[in-house]
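Below: the structure, in structure tokens.
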Amino acid sequence: MFTIYGHRGLPSKAPENTLASFKEAASTRGLKWVELDVAITKDEQLIIVHDDFLERTTNHKGEITQVAYDQIKSASAGSWHSTEFENEKDSYI
């Protein structure tokens, strides 16, 4: 028996680690788990993000441990995926 996981949500349908991606994963038949990563910002806030740096999945730059939560919170986490998600944000804890 296999267990199917949504890795960072369902990034084939929506930008990874966003609420849209987690909702896509939740609506996928047979998917019962979602795997995600958590990082700590410069001001010790928790965010859901995979990479150490912001460049690949947002329109901001910098190492997450060196950037304040409010700066990261203003980043678009979806514009690289498609214009449909340009206002999508990373998920925050």
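Residue numbers (UniProt numbering): 1 to 93. The C-beta atom is built at its ideal place from N, Cα and C for all residues, glycine as well.
Give the DSSP bridge partners of TRP33, in chain order.
-> Residue mapping note: residue 33 aligns to position 33 of the sequence shown, counting from 1. TRP33 is bridged to TYR5.
What do you get for VAL49, buried or exposed, if any count of 16 or more other CB atoms within 10 angstroms of its CB means buried?
-> The sequence position of residue 49 within the sequence shown is 49, counting from 1. Under this definition VAL49 is a buried residue.
Rounded straight-line distance, which links the Cα of THR57 to that of ALA68 = Here the question's residue 68 lines up with position 68 in the sequence shown. Here the question's residue 57 lines up with position 57 in the sequence shown. ALA68 and THR57: Cα-Cα distance of roughly 17 Å.
Alpha carbon to alpha carbon, how far is HIS60 from ILE4? Give it in angstroms, no decimals.
-> Within the sequence shown, residue 4 is the residue found at index 4, counting from 1. Within the sequence shown, residue 60 is the residue found at index 60, counting from 1. The straight-line gap from Cα to Cα measures roughly 32 Å.
Throw me the rounded Cβ distance for the LYS13 and GLU24 pair, which I believe falls under 8 Å.
-> Your numbering for residue 13 matches position 13 in the sequence shown. Your numbering for residue 24 matches position 24 in the sequence shown. GLU24 and LYS13 do touch by the CB rule: their CB atoms are close to 4 Å apart, below 8 Å.
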